[in-house]
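7 is the number of the first residue of the sequence shown in our numbering; add one for each residue after it.
One structure below.
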Amino acid sequence: MGYRYRLSGYVFEIDTPLRELPEVNDEPECFLSVRRDISEKIPAEALSAESYLNADLALTCIQREQFGFVAIWNNNTIEYTPASHLDDMGITIQLLGTIAMIMSATMGYVSLHAASVVIDNRAVLFCGASGVGKSTLTAHFYSKGYQVLSDDVTTLRITAPGKITAYPSVPRIKLSDESLALIGRSGDGLQEINFETRKYILPITEITGSNGYELSAIIFPLYKDGHMILEQIGGFSNKLLVAKHLYRKRLAKLLYPITQRRELFLALAAHIPMYHFYRPCNMATMQESLDYIEMQLNR
Numbered sequence: 007m008g009y010r011y012r013l014s015g016y017v018f019e020i021d022t023p024l025r026e027l028p029e030v031n032d033e034p035e036c037f038l039s040v041r042r043d044i045s046e047k048i049p050a051e052a053l054s055a056e057s058y059l060n061a062d063l064a065l066t067c068i069q070r071e072q073f074g075f076v077a078i079w080n081n082n083t084i085e086y087t088p089a090s091h092l093d094d095m096g097i098t099i100q101l102l103g104t105i106a107m108i109m110s111a112t113m114g115y116v117s118l119h120a121a122s123v124v125i126d127n128r129a130v131l132f133c134g135a136s137g138v139g140k141s142t143l144t145a146h147f148y149s150k151g152y153q154v155l156s157d158d159v160t161t162l163r164i165t166a167p168g169k170i171t172a173y174p175s176v177p178r179i180k181l182s183d184e185s186l187a188l189i190g191r192s193g194d195g196l197q198e199i200n201f202e203t204r205k206y207i208l209p210i211t212e213i214t215g216s217n218g219y220e221l222s223a224i225i226f227p228l229y230k231d232g233h234m235i236l237e238q239i240g241g242f243s244n245k246l247l248v249a250k251h252l253y254r255k256r257l258a259k260l261l262y263p264i265t266q267r268r269e270l271f272l273a274l275a276a277h278i279p280m281y282h283f284y285r286p287c288n289m290a291t292m293q294e295s296l297d298y299i300e301m302q303l304n305r
């Protein structure tokens, strides 16, 4: 038996330990293995294609230079062969990022590029591309005692008519030195990671709500000169722009049936309030803007 973890609403079993995730004893719903070489069962034509589908074998294959080769059998068994250039840290990053997104897609969840916190027992998403301050916003709420579901990628699912549920992701927040300073912390004793800039991993020690939280609002943080303001987005078609923030968009379009994507985004546009959060891009007003958005969301 391998290692069992709960992630994004489901339990999976893997043959490689992932110390970033807490172990569980529940029965797994899907299985993930990390291979040194691609299985000999994979058809030859799949080895030279970016994507491959064989309905007779119940097999889907995806490969990219960035992460390697993924084979999905019967929508619940995933074999991952990492790209040769990845070291152990790089493999872990892919397992907790792109590979987790692929696994979630096979389980029927849609992943958005969004952080998520719980306010009044409901989930609020901070949605946007890298660099808009999602992790800083997440860390602020975490430092004030709010439950954090994710600092970067949040999985969603329609669980009842008009109800969308958000699920916990990897229990950590990735922060720069400046963002750590805003919550009175430093990088001392924290694991350092290097993306485009140096960041540190702040573990989230208390995880609750494995069944997810009903979604109440989506916030799009944006840096803009002038006053800070939370501005509601009007118009059904404008709210459909949330579709731009599918995590790993090109892969997502391969994995999610168009009917599933359309159903989710129509439900979000119809039932979930959305807002732009404009604030200046400077450290001098950063704490003020964090306090402002907390106050607005608790009204």
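C-beta: ideal position from N, C-alpha, C; glycine also.
These figures come from a predicted structure and were not determined experimentally.
Cα-Cα separation, residue i to residue j
{"i": "L162", "j": "A276", "result": "15 Å"}
{"i": "F73", "j": "M109", "result": "14 Å"}
{"i": "T211", "j": "E198", "result": "18 Å"}
{"i": "V17", "j": "S243", "result": "35 Å"}
{"i": "L274", "j": "N82", "result": "27 Å"}
{"i": "F37", "j": "A106", "result": "11 Å"}
{"i": "D32", "j": "Q266", "result": "27 Å"}
{"i": "Q238", "j": "F226", "result": "10 Å"}
{"i": "I84", "j": "F75", "result": "10 Å"}
{"i": "L53", "j": "V138", "result": "37 Å"}
Residue i and residue j closer than 8 Å at C-beta
{"i": "L260", "j": "I68", "result": "yes"}
{"i": "V40", "j": "D62", "result": "no"}
{"i": "K180", "j": "S141", "result": "yes"}
{"i": "A55", "j": "N80", "result": "no"}
{"i": "T104", "j": "R254", "result": "yes"}
{"i": "G8", "j": "E26", "result": "no"}
{"i": "A120", "j": "T160", "result": "yes"}
{"i": "L252", "j": "F283", "result": "no"}
Top-ranked residue by Cα proximity to residue i, from the options
{"i": "S57", "options": "E198, Y253, Q197 and A77", "result": "A77"}
{"i": "T291", "options": "M113, G232, S243 and K245", "result": "G232"}
{"i": "S122", "options": "E51, S54 and L131", "result": "L131"}
{"i": "D43", "options": "L27, N31, S14 and S90", "result": "S90"}
{"i": "P177", "options": "D158, D194 and G193", "result": "D158"}
{"i": "Q293", "options": "Y115, S185 and E71", "result": "S185"}
{"i": "P167", "options": "R305, I299, L59 and E269", "result": "E269"}
{"i": "C287", "options": "E46, M234, S14 and P49", "result": "M234"}
Expected contact under 8 Å - CB spacing of residue i and residue j to nearest Å
{"i": "I170", "j": "L221", "result": "4 Å"}
{"i": "L208", "j": "A145", "result": "7 Å"}
{"i": "C133", "j": "I278", "result": "With 8 Å as the limit, C133 and I278 do not qualify as a contact, their Cβ atoms being about 11 Å apart."}
{"i": "L296", "j": "L101", "result": "That pair is no contact at about 31 Å."}
{"i": "I125", "j": "L303", "result": "5 Å"}
{"i": "L155", "j": "S175", "result": "6 Å"}
{"i": "D183", "j": "G193", "result": "6 Å"}
Residue(s) in a DSSP beta bridge with residue i
{"i": "C133", "result": "A120"}
{"i": "S39", "result": "E85"}
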